[in-house]
Structure formats: C-alpha cells, structure tokens
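As structure tokens, the structure follows; a few thoughts come after it.
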Amino acid sequence: MGKRPDRRESFVVRLYVADREATAVRAIANLEALCREFLPSGCELEIIDILREPQRGLDDSIMVTPTLIKLAPPPVRRIFGDLSNRGRLLDALGLTGLELSPPRP
Amino acid sequence: MARKNQKEREPRLAKAQTGIDGVDEITGGGLPRGRTTLLAGPAGSGKTVLALQTLVNGARRFDEPGIFVAFEEGFQQVAANAASFGWEIPSLVQKRGRRSPRLAFVDGRLSPGAVQAGTFDLSGLLAAVEFRAKEIGAKRIVFDGIDVLLVMLNDPRVERGEMCRIHDLLERAGVAGVVTMSTAGLEPPGSFMLSLSDCIIQLTHRLAERASIRGFRVVKYRGSAFIANEFPFAIASQGIEVADFGTRPKYRVFTERVSSGIPRLDHMLAGGYFRGSTVLVTGMPGTAKTTLAGAFVAAACARGERALYISLDEQPAEILRNLASVSIRLERYVRSRLLEIYADHPQETSPEEQFVRMRQRIRAHRPSTLVIDPISAAIRMGGQSTVLGVAERLLAMAKSEGITTLWTSLYQGSEEAMEATPLHVSTVADTWIHLSYRAGRGERNRSLTVIKSRGTGHSHQVRELILDDRGVDLADVYTVGGEALMGTARWEGERAEVATQRDVEAEEARKRRELEILAAEIRAQTEGLERRRESLAAEMRLLDQSITLRERNESRRQQEVRARRGGEPASRAGRRKGRSAPTED
Numbered sequence: 207m208g209k210r211p212d213r214r215e216s217f218v219v220r221l222y223v224a225d226r227e228a229t230a231v232r233a234i235a236n237l238e239a240l241c242r243e244f245l246p247s248g249c250e251l252e253i254i255d256i257l258r259e260p261q262r263g264l265d266d267s268i269m270v271t272p273t274l275i276k277l278a279p280p281p282v283r284r285i286f287g288d289l290s291n292r293g294r295l296l297d298a299l300g301l302t303g304l305e306l307s308p309p310r311p
Numbered sequence: 060m061a062r063k064n065q066k067e068r069e070p071r072l073a074k075a076q077t078g079i080d081g082v083d084e085i086t087g088g089g090l091p092r093g094r095t096t097l098l099a100g101p102a103g104s105g106k107t108v109l110a111l112q113t114l115v116n117g118a119r120r121f122d123e124p125g126i127f128v129a130f131e132e133g134f135q136q137v138a139a140n141a142a143s144f145g146w147e148i149p150s151l152v153q154k155r156g157r158r159s160p161r162l163a164f165v166d167g168r169l170s171p172g173a174v175q176a177g178t179f180d181l182s183g184l185l186a187a188v189e190f191r192a193k194e195i196g197a198k199r200i201v202f203d204g205i206d207v208l209l210v211m212l213n214d215p216r217v218e219r220g221e222m223c224r225i226h227d228l229l230e231r232a233g234v235a236g237v238v239t240m241s242t243a244g245l246e247p248p249g250s251f252m253l254s255l256s257d258c259i260i261q262l263t264h265r266l267a268e269r270a271s272i273r274g275f276r277v278v279k280y281r282g283s284a285f286i287a288n289e290f291p292f293a294i295a296s297q298g299i300e301v302a303d304f305g306t307r308p309k310y311r312v313f314t315e316r317v318s319s320g321i322p323r324l325d326h327m328l329a330g331g332y333f334r335g336s337t338v339l340v341t342g343m344p345g346t347a348k349t350t351l352a353g354a355f356v357a358a359a360c361a362r363g364e365r366a367l368y369i370s371l372d373e374q375p376a377e378i379l380r381n382l383a384s385v386s387i388r389l390e391r392y393v394r395s396r397l398l399e400i401y402a403d404h405p406q407e408t409s410p411e412e413q414f415v416r417m418r419q420r421i422r423a424h425r426p427s428t429l430v431i432d433p434i435s436a437a438i439r440m441g442g443q444s445t446v447l448g449v450a451e452r453l454l455a456m457a458k459s460e461g462i463t464t465l466w467t468s469l470y471q472g473s474e475e476a477m478e479a480t481p482l483h484v485s486t487v488a489d490t491w492i493h494l495s496y497r498a499g500r501g502e503r504n505r506s507l508t509v510i511k512s513r514g515t516g517h518s519h520q521v522r523e524l525i526l527d528d529r530g531v532d533l534a535d536v537y538t539v540g541g542e543a544l545m546g547t548a549r550w551e552g553e554r555a556e557v558a559t560q561r562d563v564e565a566e567e568a569r570k571r572r573e574l575e576i577l578a579a580e581i582r583a584q585t586e587g588l589e590r591r592r593e594s595l596a597a598e599m600r601l602l603d604q605s606i607t608l609r610e611r612n613e614s615r616r617q618q619e620v621r622a623r624r625g626g627e628p629a630s631r632a633g634r635r636k637g638r639s640a641p642t643e644d
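Just so you know, the protein sequences line up as chains X and B, in that order.
One rule links them: number in our numbering = place in the first sequence (from 1) + 206.
One rule links them: number in our numbering = place in the second sequence (from 1) + 59.
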C-alpha cells in the first residue's frame, strides 16, 4: 500500500444495518477493509441495528439498509448499499485520489 | 373441511371503512384488514387523495390511527395537499397530551445526494414503519408511490422481495394496507404487486368533450363481494366522492299532492305534483320555464317547506327580479332562509364535480322542494351521456330523500322530435310539461301541455299560459279545425263552447256504449272458453278412469299367466291353456 496524505480530522461514520442480513455482513466487512486501507489513523465507527433501535433509524430517516452516514469531516454524506462499489464509496467519502490500489470488485 | 374453512373465513373478512361516499358501498364495507389494497392509476388520477382520505377518515371518524409512508412527496407537500381538502395533518400528527398521535408520517424518500454503493433493501424503512405502527397502534398504513421505489430498486428480483416484505408487514400488523402505484395501465413492473394484492382498485382519468371524467373501479377483491362496474367520481372540496354506486335507491312513494303554485295547473294534474316526484318542464327560450319553477318554489315556501333553487344560468338577483314581475315574490323566503338560491357555472367544472357540489348543497339545505334551472345548461360542458348520467343520479338522490324536484330544460326543436331528445330524460320524469309559443291572428301566446303525468288522470289538452303582473294562470284553449285558439280567438271560441257541449256529450255516450258492447262480447267469449275448458277436463277424467281400469285388468291377467306357468303341473296347465287361450286374445 502506498503513502497517504495525513488525514488530521477524525473520521466519524455511522452504519445502519438490519440484523445480520447478508447485506449487513458485507457492508460491515467492506467498511472495515476500507478503514484499514485508507484511514490508518483510525475512524470512529458506530454500527446500529435498525431492528433493535428503530427510533434511531427514524431519527436519521433511514429508509434503506445498509446506509452509511459520514458525519465528519464535513460535508455529511449518505451512502446506501452494501458498500461493494468501492469507487463510488471512496468518491462519496471524499477519499478519491488516495486510492492507489486497483478497486476491488 | 376446506369448504367449512372458506365459509368461516368469508364473513370474518374484516374491513376498514374508508368513510368515503360510494367507496364503502362499492367494496361492500371498505378495504380489507390484514391485507394489501393496491390503488393503481396514472399520475393525477387521485390515488394519493383517496389513500390519504382513507387515513384521515380513519383517524378522525373511526378512531383508527394510521401511518402515511411517502415515497414521492415530503411531509410539507403532503400536508399542503391535504390542507386543500380541509384535512389538518399537522394537528393529527401531534401528540394529544399523553395519548399518541392519530397519524404518523414516515418519509420514504432517499435523501437527496445519497450515493448508492452496492445492493440494499428496505429493512430500514420497514423497521421504522413497524415501530411507528406499534407506537401509535396503527390500524391503517398507506405506502404512497411504490412505483418510485421500484424504479430505485431497479432489479426485478429485489423488487419482488421487497414487495413481499411490505405485504407481509401489512399482514403481520393486521392493518388495512394501501399501496398506491402510478401506472399507465396494469402492467410490469407492477405486475407482481397485482398478484400480491388482495384488493385492486383502478382509478382512471380521461377527457370527454373537454370535460374531465374520473373513473373508480374495483378490479379484484379476494374473499369479498364487490360491484365491478366503473363509477365516475369527483375530487371535490372535501376530497373524493364517488357519485353513484349503482345500487338502486329505495324511495318512498307518496300519494300526497303538492301544489304547482298555479291553481289551474293543479286542477289539470288532479291536485298537483306528487310529493317526491320529478317534474320536467321543457320549452323554447322565453316560454316561462323559470316562472313555472318560481311558482312551484313559492308554493312550497308558502307551506313553510324548505326549497333549494339551483340556477345554472341566471344569477339569484336576476331570478328574483324577473319572478317579481309576475308577482312571484321570493325575497322574503330567501331572507328567512327557507329558500336558498344557488347559482353554479357549468362551464367551469365537469358534470361530476357539479353533481357533487349540488349534492353538498342539497345535504346542507335539506329542502323538500328542489329546482334545477335549466339542466340543459350543463350540456355546454361535458358529454351528453355524462350530463344525462349526472342528471339521473341527482334525480335518484332527490327521490330517495323524498324531495319533489322540478327541472327545466331548454328545447328548441320541433315538438315531433321531442320524445327522442335524450337530455330531457323524459323516462325519468314523472310529470312532463311542455311550454311553447303559438302564433296566429297577430298574437303570440304561450301554451302549456302536460305530455305525461304518471299516476294521474291528467288532461292532454293544451292550455294557454297567461303571465301578467297579477301572476300566472292558465286558460282553456279551443281548437277549431285542429288549431288551438288562444288570446282573442279563445274568447270567441268560448261562446261557441255551449253549442258544442251537447255534441260532445252525445259523442261520449256513443263511445261508452261501444265500449260496453265490446266488454260484453269479451265476457261472452270468456264464458265460452271456460265452458270448453270444463268439458275438456271432464273428458280427461273419463280417460284417466278407463286407463286405470285397463291397467288393473292387465296386471291381473299377468299374475294369472305367471301363476299358471310357474306353480302348476304341466298337464293341467296345458289343458287349461288350451281351453282358455282363445278367450285371452
């Protein structure tokens, strides 16, 4: 893996999933892999099971799962799906240009 | 066992009343609980209004909280649309002290700017809906604009899966579920939803002769009877109203007469119009149709009865002024609120909307007497068949509520072609009065003919209608050589009447004798036929007796033959056989 510019700001994301559905498992795995590769300084990740905490889903207007909300650094972004499309994910998280390895399918 | 289950299940199919006029009647009580109802139709066909109205009615009238899940519009938009029908969504979604709100709104739209990265499902939304449903004790849930969702999912397999989950959720929650879907027809991608839904309602919207025609049709309703016809409906000021639901209203039949307001006309009609009946007044422009209507209303108000005058061309002030010129004074009744004059403008709205408005007026004012003047104005907008349908329903409604209705219709054609003019709805009318002009001898006089009057031995004679500042009256007219005489000619004719009176009486007596003879002849024929029938019956009885006798003899003979062949010695049988054979033949 190549060298990355230092990301000073803390990276805060919140991931809404439904129980242990296949999409949920994949989304968590994809997100963790991304954090390892691109955010070595670590990221603050909160995983919320919408079936257990429906009120939180309502508060955040979560319609589909999985939904990832990037709370910091600004701007706040929402990404939905199992995060298997890495190109789009990096783009949405503002991490494009940092990517040196070819995207995984 | 299966049949028993079926039997048990059917009456148990619980339904949620929509509280919408017509819809509950057509669906036999409302939408199914624990099941999914699909509202399908093109954009602008009223799906959201219908769904929202079902929710609002549930919340306000039936104490059934509901949830509105919007895929297409946000809360502000939905609330604004609802407010235009007088539905206060913001107050319904608020908590009432410690009690939960009666309505909850769930925004099912994806946040703008959200990025898709991979596959997903609706678990989030469904969890939120289910959570809210439990929280407020929802009995009704609407998913509005599922087509938007389907486009977003963009994968037939995922679509089916998600629709199944919505369906399951509605079933599990035991709520009356409504899913609206915008469709050009009933075709993919919604086809799976069609088979999944237990009840399908199709809304249509088309233009006919520049008037908008909305249609409501129940396509399918599992486990329930429903009326399958398409019904016209209107989106009125208070939401959807299905104007007619096809069931024939039962109405009281009155024998009481109400005055037409013109004593001589009452006399012609053997006492006046029947209460609760329908009176049609046709005529050319200026033949005093409105005057006849005004006299009728004045008579009703004079009796202390409430009346509603719906004018489709003139303004109330004009009507009052014109009627006052022939001594029909209605201002005092308008002031005392006994009479309401309501002017509508047919060219601005569709016949359906007009119908709904008129119905609202009738319900609000509760008249015993109703005038619509002139119904022909409605034809300026909308197809003739539509106007006719609306007119018929309006009359049916008036009849079912015991309202005596008089409506006028402009008629310009010849009298011969009149019967064929559909707008007159002459078959619906119980009494049909035609007004016309008769010109001759330098005068032009108004004439009145009672063309038909059900249940009344009315006069078919033409009468002259006299209007002056003392009021309205009728005068007899006299025919000379087949021509009706009026005005001055009538006065001359009056003197000749005495002379012809005897001739008339003689003619009547002759006619009566003729009929008596005919009746006697028929009586004689009838008696002859009766005698013939009696003799035929006697003949048949004789025939039956002889048949019975012969059958009895025959069976006795057969018994004898069997006895001889079977039970006795051959020699003896042979001997006796030989002896008895000739007699048997």
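Backbone N, C-alpha and C fix where the C-beta goes; we use that ideal spot for every residue, glycine too.
Within-8 angstroms CB hit, residue i to chain B
i	result
T229 of chain X	yes
L295 of chain X	yes
S247 of chain X	no
G300 of chain X	no
V270 of chain X	yes
S267 of chain X	yes
L264 of chain X	yes
Alpha-carbon to alpha-carbon, residue j and residue i
i	j	result
E289 of chain B	G274 of chain B	6 angstroms
L533 of chain B	V430 of chain B	21 angstroms
V531 of chain B	A354 of chain B	8 angstroms
L185 of chain B	R191 of chain B	10 angstroms
V82 of chain B	N504 of chain B	51 angstroms
R199 of chain B	A347 of chain B	55 angstroms
R294 of chain X	G300 of chain X	10 angstroms
S435 of chain B	A366 of chain B	21 angstroms
T11 of chain B	R592 of chain B	Nothing in the structure corresponds to residue 11 of chain B, since chain B is present only between 60 and 644.
S340 of chain X	P124 of chain B	There is simply no residue 340 of chain X to check, as chain X begins at 207 and stops at 311 in what is shown.
P149 of chain B	I195 of chain B	16 angstroms
Per-residue DSSP class, three states only, for residue i
i	result
P91 of chain B	strand
V312 of chain B	coil
H264 of chain B	strand
K154 of chain B	coil
A75 of chain B	strand
M269 of chain X	coil
A287 of chain B	coil
V137 of chain B	helix
G220 of chain B	helix
Q374 of chain B	coil
N291 of chain X	coil
F202 of chain B	strand
E300 of chain B	strand
C258 of chain B	strand
L5 of chain B	This structure does not reach residue 5 of chain B, given that chain B is present from 60 up to 644, and the question cannot be answered.
8 angstroms Cβ cutoff, residue i in contact with chain X
i	result
F134 of chain B	no
A99 of chain B	no
F190 of chain B	yes
A186 of chain B	yes
Neighbour flag for residue i against chain A, beta carbons, 8 angstroms
i	result
F144 of chain B	Any reference to chain A falls outside this structure, whose protein chains are X and B.
Closer than 8 angstroms, Cβ to Cβ, to anything on chain B: give me those residues from the stretch 275-291 of chain X, in chain order. Correct list: R283, R284, I285, F286, G287, D288, L289, S290 and N291.
Please name the residues in the stretch 150-183 of chain B whose beta-carbon is closer than 8 angstroms to at least one beta-carbon of chain X, in chain order. Residues of the stretch 150-183 of chain B that bring their beta carbon within less than 8 angstroms of a beta carbon in chain X comprise V165, D166, G167, R168, L169, S170, G172, A173, V174, Q175, A176, G177, T178, F179, D180, L181, S182 and G183, in sequence order.
How about the stretch 487-495 of chain B and the stretch 321-341 of chain B: do they share at least three Cβ pairs that are nearer than 8 angstroms? They touch, by the three-pair rule.
Count the C-beta pairs between the stretch 362-371 of chain B and the stretch 407-427 of chain B that are closer than 8 angstroms, then say yes if the count reaches three, no if not. The stretch 362-371 of chain B vs the stretch 407-427 of chain B: in contact.
Residues in the stretch 234-261 of chain X having any Cβ partner in chain B nearer than 8 angstroms: Within the stretch 234-261 of chain X, the residues whose Cβ lies closer than 8 angstroms to some Cβ of chain B are N236, I256, L257, P260 and Q261, listed in chain order.
Should the stretch 97-113 of chain B be called in touch with the stretch 311-323 of chain B, which here means at least 3 C-beta pairs below 8 angstroms? Counting Cβ pairs under 8 angstroms, fewer than three are found: no touch.
Three or more C-beta pairs closer than 8 angstroms, one from the stretch 167-175 of chain B and one from the stretch 232-250 of chain X: is that the case here? Contact fails: fewer than three Cβ-Cβ distances are below 8 angstroms.
Is it true that the stretch 199-213 of chain B meets the stretch 128-136 of chain B, where meeting means three or more beta-carbon pairs spaced less than 8 angstroms apart? Touching, per the Cβ criterion.
Three or more beta-carbon pairs under 8 angstroms between the stretch 247-264 of chain X and the stretch 212-231 of chain X, yes or no? Contact between the stretch 247-264 of chain X and the stretch 212-231 of chain X is present: three or more C-beta pairs spanning the two stretches fall below 8 angstroms.
State whether the stretch 141-159 of chain B contacts the stretch 268-285 of chain X, with contact taken as three or more CB pairs (one from each stretch) at a distance under 8 angstroms. Touching, no, given that fewer than three Cβ pairs across the two stretches are closer than 8 angstroms.
Inter-stretch contact (C-beta, 8 angstroms, three-pair minimum) for the stretch 257-266 of chain B and the stretch 89-96 of chain B: As far as the Cβ criterion goes, the stretch 257-266 of chain B touches the stretch 89-96 of chain B, which means the pair count is three or higher.
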